[in-house]
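**Student:** These protein sequence lines are chains A and B, in that order. Take the first sequence: its letters are residues 159 to 541, numbered as in my numbering. Take the second sequence: its letters are residues 262 to 584, numbered as in my numbering.
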Amino acid sequence: MDVTTGTAATDARAEALVSSYERAGYARVSPPILQPAEPFLDLSGEDIRKRMFMTAAPGGDEEFCLRPDLTIPVSRDYLASPEAGKPAGFCYLGPVFRHRRDAPAEFLQAGIESFGRPDQAAADAEMLALGLEAAAHYGLREAEIQIGDVALFASLIAALDLPAAWKRRLVKDFNRKANLAQDLERLTLGGSNGRPEYQGVLAALAGSDPKGAHALVTDLLSIAGINAVGGRSVAEIAERFLEQSALGASTRLPKEVRGLIERFLAVKGDPDEASVELRALAADANMNGALNQALDLFESRAGFLAAQGIDLKRVKFSTAFGRGFDYYTGFVFELTDPARTGDPLVAGGRYDGLLTRLGSAEPIAAVGFSVWIERLSVYGGAQ
Amino acid sequence: MSAPLVLAVPAKGRLQENAEAFFGRSGLQLVKPRGARDYRGAVAGLDGIEVAYLSASEITTQLAQGAVHMGVTGEDLIREQIPDADARVVLIEGLGFGFANVVVAVPQAWIDVRTMADIDDVATAFRHRHDRKMRVATKYINLTRDFFARQGVVDYRIVESSGATEGAPAAGTAEMIVDITTTGTTLSANALKIIDDGIILRSQANLVASRTAPWTAEQRETARVILDRITAQQRARSFREVRARFPACDARLVAAARERFSVETPFGGPTSSGMLTLHCPPAQVYALTSFLRDNGAEAVAVADLDYVFSKENPLFAKLQAAL
Numbered sequence: 159m160d161v162t163t164g165t166a167a168t169d170a171r172a173e174a175l176v177s178s179y180e181r182a183g184y185a186r187v188s189p190p191i192l193q194p195a196e197p198f199l200d201l202s203g204e205d206i207r208k209r210m211f212m213t214a215a216p217g218g219d220e221e222f223c224l225r226p227d228l229t230i231p232v233s234r235d236y237l238a239s240p241e242a243g244k245p246a247g248f249c250y251l252g253p254v255f256r257h258r259r260d261a262p263a264e265f266l267q268a269g270i271e272s273f274g275r276p277d278q279a280a281a282d283a284e285m286l287a288l289g290l291e292a293a294a295h296y297g298l299r300e301a302e303i304q305i306g307d308v309a310l311f312a313s314l315i316a317a318l319d320l321p322a323a324w325k326r327r328l329v330k331d332f333n334r335k336a337n338l339a340q341d342l343e344r345l346t347l348g349g350s351n352g353r354p355e356y357q358g359v360l361a362a363l364a365g366s367d368p369k370g371a372h373a374l375v376t377d378l379l380s381i382a383g384i385n386a387v388g389g390r391s392v393a394e395i396a397e398r399f400l401e402q403s404a405l406g407a408s409t410r411l412p413k414e415v416r417g418l419i420e421r422f423l424a425v426k427g428d429p430d431e432a433s434v435e436l437r438a439l440a441a442d443a444n445m446n447g448a449l450n451q452a453l454d455l456f457e458s459r460a461g462f463l464a465a466q467g468i469d470l471k472r473v474k475f476s477t478a479f480g481r482g483f484d485y486y487t488g489f490v491f492e493l494t495d496p497a498r499t500g501d502p503l504v505a506g507g508r509y510d511g512l513l514t515r516l517g518s519a520e521p522i523a524a525v526g527f528s529v530w531i532e533r534l535s536v537y538g539g540a541q
Numbered sequence: 262m263s264a265p266l267v268l269a270v271p272a273k274g275r276l277q278e279n280a281e282a283f284f285g286r287s288g289l290q291l292v293k294p295r296g297a298r299d300y301r302g303a304v305a306g307l308d309g310i311e312v313a314y315l316s317a318s319e320i321t322t323q324l325a326q327g328a329v330h331m332g333v334t335g336e337d338l339i340r341e342q343i344p345d346a347d348a349r350v351v352l353i354e355g356l357g358f359g360f361a362n363v364v365v366a367v368p369q370a371w372i373d374v375r376t377m378a379d380i381d382d383v384a385t386a387f388r389h390r391h392d393r394k395m396r397v398a399t400k401y402i403n404l405t406r407d408f409f410a411r412q413g414v415v416d417y418r419i420v421e422s423s424g425a426t427e428g429a430p431a432a433g434t435a436e437m438i439v440d441i442t443t444t445g446t447t448l449s450a451n452a453l454k455i456i457d458d459g460i461i462l463r464s465q466a467n468l469v470a471s472r473t474a475p476w477t478a479e480q481r482e483t484a485r486v487i488l489d490r491i492t493a494q495q496r497a498r499s500f501r502e503v504r505a506r507f508p509a510c511d512a513r514l515v516a517a518a519r520e521r522f523s524v525e526t527p528f529g530g531p532t533s534s535g536m537l538t539l540h541c542p543p544a545q546v547y548a549l550t551s552f553l554r555d556n557g558a559e560a561v562a563v564a565d566l567d568y569v570f571s572k573e574n575p576l577f578a579k580l581q582a583a584l
C-alpha cells in the first residue's frame with residue numbers, strides 16, 4: 159500500500175467542525191507532527207512501535223516519531239504551558255500517522271481535550287454530546303452509543319477481600335481485555351502456581367509472622383551475596399516471594415466472590431437499568447459504602463446526558479466495556495455505525511491519570527475524544 | 262546466458278564451515294574459481310548457480326528482498342529481521358547445526374520469578390514502585406515485542422543491545438534480557454536464569470528460499486537439482502543398507518521387520534532367489550541383523566549409503582508450493 163495516498167488533505171467539513179469547537183470555547187492547537195517517541199512508548203507500551211513511524215536525528219540518541227495521536231501531544235503542551243493545572247479546553251484537527259495494513263498510514267483526526275474541570279459528570283456528558291454532534295455534522299444521526307465506566311470495576315475490586323497481588327492482576331487483566339475469565343477460573347480452582355520446588359518453604363512460611371519471614375528471606379539473599387540485582391532490591395524480592403506464599407495459601411476464591419465479579423461484569427443495558435442492577439448488586443454484597451461514590455457519579459452523569467438532550471434509551475452501557483483501553487480511569491464511550499464496519503467513528507473518555515504519568519506533580523482531571531475524519535467522511539451529510 | 266540461481270552462504274566462521282560441509286556431503290562442492298578472498302563462487306560441476314558469500318544477517322535481508330534465491334541463515338534472524346516472514350521466505354529445511362534458543366533470562370536472585378506470569382506481575386509492581394518501566398536488554402527487538410505481547414506483558418521497555426547483552430543486568434543498564442543461548446553457560450556465569458516458559462524460539466541454521474525473488478523456469482530447475490541432491494543425501498544419512506539372502510524370507514517376515522525396526526524396502530520384497538535389501542535406521546541395525554539371522558539368514562551385510570535418490574523430492578515440493 160502506498161502510505162502517502164491518504165485522505166489527509168484539508169477537509170472543508172472537518173474545518174467547519176473544528177470551527178464549531180472553537181466557537182464553543184475550545185482553543186485550537188496544532189502540536190508539532192514530529193514528537194519525542196518516549197511518552198508514547200511509555201504510555202502505550204513497546205507494542206506500539208509496530209504501528210509508529212520512528213526516526214532519530216543524525217548522530218542523536220533520542221527517538222522521535224510522527225505523532226500517532228494528538229491526545230499526548232496536546233496534553234504535553236498544556237503541561238508545559240503557564241496554564242498547567244488550571245481549567246483549559248483545546249481542540250485540534252490534523253494528520254496522525256499509524257502503520258495500518260489495509261489503510262493509508264496518514265489520516266486526519268479531530269478532537270477535544272478538556273483539562274482541570276472539577277465538574278466531572280457534566281464534563282463527561284458534554285464530551286459525548288459533542289461527539290454525537292460530530293457524527294451528525296457528517297450526516298450520521300443515529301450512531302450507536304456504547305458507554306462504560308472503568309471506575310466501577312476499580313471500586314469493586316478495591317473493596318474485595320483479596321490478596322494485593324490478585325487485585326493488581328484483575329485490574330490489569332480488565333485493562334487489557336485478556337485472561338479475566340481464566341483468572342477467575344484459577345482463583346476458584348486454586349490451580350498449581352507452578353513453583354513446586356519452593357512449595358514446602360512457601361507453605362511453611364504461610365501464616366508465620368510476616369516480619370520474621372521477611373527478615374529470614376532477606377537474610378538468606380544477603381548471605382548469598384546478593385544486594386540488588388537488576389534494579390530490584392532484596393527487600394522487594396523477599397516481599398513478593400512471601401506474597402506468593404500468601405497466594406499459595408489462599409488460591410480458593412470464595413464462590414460468592416467469583417459469582418459477584420461475574421454478575422458485575424454481566425451488567426448491561428441503558429444507564430437507568432444498569433444503575434438499578436448495580437445498586438441491587440451493591441446491596442446484596444454489602445458493598446454500598448464501597449461502590450456508592452462511583453455509582454453516584456454514574457447516575458449524576460446519566461442525568462447530565464439526559465440534560466444534553468441524549469435519549470438514554472439509545473445509550474448502551476456495559477460494565478465490561480472499556481476493557482483494553484489502558485489509560486482511561488472513568489467514563490469511556492464509542493460511537494459506531496453497526497450498519498457499516500463497526501469501527502469506532504468517535505471515541506473518548508476520562509483519563510485522570512494521564513497527566514501525572516506525563517510528569518505533572520499534581521493530579522489533573524482530563525477528558526476528551528477524537529474523531530476519525532476519514533471514517534466519517536464516507537457519510538454524505540450536508541455542510 | 263540466462264540469469265543464474267543465486268545461493269547465499271555465510272561468509273565466515275563456523276556457520277560457513279558447517280554450510281560448506283553440508284553442501285559438500287550432498288555432492289555440491291562450493292568453489293571459488295577466482296581465489297579464496299572472492300565473495301562470489303560456484304558449485305563444481307553444476308552450471309547455473311552463483312554462490313554469494315555474505316553475513317548471515319545480510320543473507321536474511323536479501324532473501325526478504327528477493328535479491329538471492331536461496332540461502333543458509335538462522336531462523337532467529339529470519340523471525341527477527343523480516344516482518345511477516347512467512348509471506349516473504351520459506352524455510353525449506355533445518356540443517357542440523359547452528360542450534361541456539363532465544364530466551365528470556367532474569368537475575369538468579371529473583372527467587373520469586375519463574376514464569377512469564379511472574380514477570381508480568383513483577384513488571385507492573387516495578388513500575389508502581391520505581392516510577393519507570395523495567396528494561397529488557399536485547400538485540401531481538403521484534404521477537405521480544407511479539408513474545409511479550411502474546412504473554413500480555415506490557416510494562417517494560419526495550420534497551421537495544423548489540424553485544425554482551427548478558428552483562429546488562431549486572432551493569433545496571435537493564436533489569437532482564439532476551440538473548441540467544443546454546444548451553445546456558447554464559448547466562449549462568451552472569452548469574453542469570455532462564456524463565457520456565459520463556460523460550461521464545463528454538464533456532465537452527467536453515468536452508469531458506471525467497472518467495473519474492475524472480476524465479477525463472479531455469480532457476481526452478483536448478484533448485485530442483487540442488488534439493489534433489491540434498492534430499493538423496495539426507496535420506497542416505499538416515500539409513501544403513503542391510504542385505505541378506507535366505508530361503509525362508511517372505512512377505513510376512515518383511516512386514517514384521519518394517520513394523521519392528523522401521524525399515525524401508527526401496528526395491529520391494531525378496532527376489533526369487535531370496536535376496537532382500539532393506540534400509541534401516543542406524544540405531545536399529547544390530548537388532549535387525551539379529552532378527553534376520555534368527556529367521557534363517559546365514560549372512561547379513563550392512564553398508565553405509567552415499568545417496569538414495571527416489572522419485573519424490575519433498576524439499577522441492579515445499580519450494581514449489583510456496584512460489
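We put the beta carbon where it would ideally sit given N, CA and C, even for glycine.
Could you tell me which whole beta strand (DSSP E) segments of length 3 or greater appear in the stretch 197-252 of chain A?
**Tutor:** 212-214 and 221-224
**Student:** Leaving out the 5 sequence neighbours to the left and right, which residues in its chain are closer than 8 Å to Arg301 of chain B when beta-carbon positions are compared?
**Tutor:** Lys293, Arg295, Glu311, Val312, Ala313 and Tyr314
**Student:** Could you say which of B:Gln465, B:Val546 and B:Ser423 lies nearest to Arg521 of chain B if we only look at CA atoms?
**Tutor:** B:Val546
**Student:** If the cut-off is 7 Å on Cβ atoms, which residues from the stretch 413-424 of chain B count as contacting chain A, listed in chain order?
**Tutor:** Answer set for the stretch 413-424 of chain B: Gly413, Val415, Tyr417, Arg418 and Ile419.
**Student:** Report the start-end ranges of each beta strand (DSSP E) in the stretch 290-344 of chain B that is 3 residues or longer and not cut off at the edges.
**Tutor:** 301-304, 307-315 and 331-335
**Student:** Which of the three DSSP states, helix, strand or coil, is assigned to Ser523 of chain B?
**Tutor:** coil
**Student:** In chain order, which continuous runs of the beta strand (DSSP E) of length 3 or greater are located wholly inside the stretch 342-378 of chain B?
**Tutor:** Counting only runs of 3 or more, we get 350-355 and 361-368.
**Student:** Give the interface partners of Thr385 of chain B over in chain A, defined as CB-CB distance under 8 Å, in chain order.
**Tutor:** Arg326 and Lys330
**Student:** Tell me the rounded alpha-carbon separation between Ser533 of chain B and Pro508 of chain B.
**Tutor:** 9 Å
**Student:** Using a beta-carbon distance cut-off of less than 9 Å, what residues from the stretch 354-380 of chain B approach chain A?
**Tutor:** Residues are counted here when their Cβ sits less than 9 Å from a Cβ of chain A; for the stretch 354-380 of chain B these are Val367, Pro368, Gln369, Ala370, Trp371, Ile372, Asp373, Val374, Arg375, Thr376, Ala378 and Asp379, given in chain order.
**Student:** Go ahead and pull the three-state DSSP assignment for Ala172 of chain A.
**Tutor:** helix
**Student:** Between which residues of its own chain and Gly352 of chain A is the CB-CB distance below 8 Å, once the five residues before and five after are set aside?
**Tutor:** Note that Gly352 of chain A scores a pLDDT of 49, beneath 50, so its modelled location is shaky; the value from the coordinates is reported in the next line. Within the same chain, Gly352 of chain A has no close Cβ partners at all.
**Student:** For a quick check, are the C-beta atoms of Glu532 of chain A and Phe211 of chain A less than 8 Å apart?
**Tutor:** no
**Student:** Tell me whether Val304 of chain B is buried or exposed, calling it buried when 16 or more other Cβ atoms sit within 10 Å of its Cβ.
**Tutor:** Buried.
**Student:** Would you verify that the beta carbon of Ala325 of chain B is, or is not, closer than 8 Å to some beta carbon of chain A?
**Tutor:** no
**Student:** Hey, how far is the Cα of Val308 of chain A from the Cα of Gly335 of chain B?
**Tutor:** 45 Å
**Student:** Is Asn450 of chain A buried or exposed, if buried means 16 or more other CB atoms sit within 10 Å of its CB?
**Tutor:** exposed
**Student:** So the candidates are B:Val367, B:Gln323 and B:Ser523; which of them puts its Cα closest to the Cα of Gly433 of chain B?
**Tutor:** B:Val367
**Student:** Residues of chain A with a CB under 8 Å from the CB of Lys394 of chain B: which are they?
**Tutor:** Asp200
**Student:** Using a Cβ-Cβ cut-off of less than 9 Å, list which residues of the stretch 212-224 of chain A approach chain B; keep chain order.
**Tutor:** So nothing in the stretch comes that close.
**Student:** Where do the N-terminal and C-terminal ends of the alpha helix (DSSP H) with His295 of chain A fall, by residue?
**Tutor:** Gln278 to His295
**Student:** Can you tell me where the beta strand (DSSP E) with Ala268 of chain A in it begins and where it stops?
**Tutor:** Glu264 to Phe273
**Student:** For Val365 of chain B, which residues from the same chain have a beta carbon less than 6 Å from its beta carbon, with the 5 sequence-adjacent residues on both sides left out?
**Tutor:** Val439, Ile456 and Gly459
**Student:** With H, G and I counted as helix, E and B as strand and the rest as coil, what does DSSP make of Ile468 of chain A?
**Tutor:** coil
**Student:** Is the shortest distance between the beta-carbon of Ala410 of chain B and the beta-carbons of chain A less than 8 Å?
**Tutor:** yes
**Student:** Under 8 Å, Cβ to Cβ, is there at least one residue of chain A near Arg406 of chain B?
**Tutor:** yes
**Student:** Please state if the CB of Leu453 of chain A and the CB of Ala440 of chain A are separated by a distance shorter than 8 Å.
**Tutor:** yes
**Student:** Can you tell me which of the three DSSP states Asn446 of chain A falls into?
**Tutor:** If DSSP states are grouped into helix, strand and coil, Asn446 of chain A belongs with the helices.
**Student:** Beta-carbon separation of Met498 of chain B and Gly288 of chain B under 8 Å?
**Tutor:** For the record, residue 498 of chain B in the displayed sequence is Arg; it is not Met. Not closer than 8 Å, so no.
**Student:** Judging by CA-CA distance, which residue of B:Ala450, B:Val350 and B:Phe387 is the nearest neighbour of Ala328 of chain B?
**Tutor:** If we check each option's Cα against that of Ala328 of chain B, B:Val350 comes out closest.
**Student:** What residues are listed by DSSP as bridge partners for Lys426 of chain A?
**Tutor:** Under DSSP, Lys426 of chain A forms a beta bridge with A:Ser476.
**Student:** Quick one, which of B:Arg504, B:Leu576 and B:Ser316 has its alpha-carbon nearest Leu356 of chain B's?
**Tutor:** Ranking B:Arg504, B:Leu576 and B:Ser316 by CA distance to the CA of Leu356 of chain B puts B:Leu576 first.
**Student:** So, under 8 Å CB-CB, Lys394 of chain B and Ser422 of chain B are touching, yes? Tell me the CB distance rounded to an integer number of Å.
**Tutor:** Their Cβ separation, rounded to whole angstroms, is 16 Å, which puts Lys394 of chain B and Ser422 of chain B out of contact at 8 Å.
**Student:** Using a beta-carbon distance below 8 Å, is Ile230 of chain A in contact with chain B?
**Tutor:** No, no contact with chain B.
**Student:** Which residues share a DSSP beta bridge with Leu537 of chain B?
**Tutor:** B:Ala505
**Student:** Anything in chain B within Cβ reach of Gly203 of chain A, meaning under 7 Å, just list it in chain order.
**Tutor:** Within 7 Å Cβ-Cβ: Val415.
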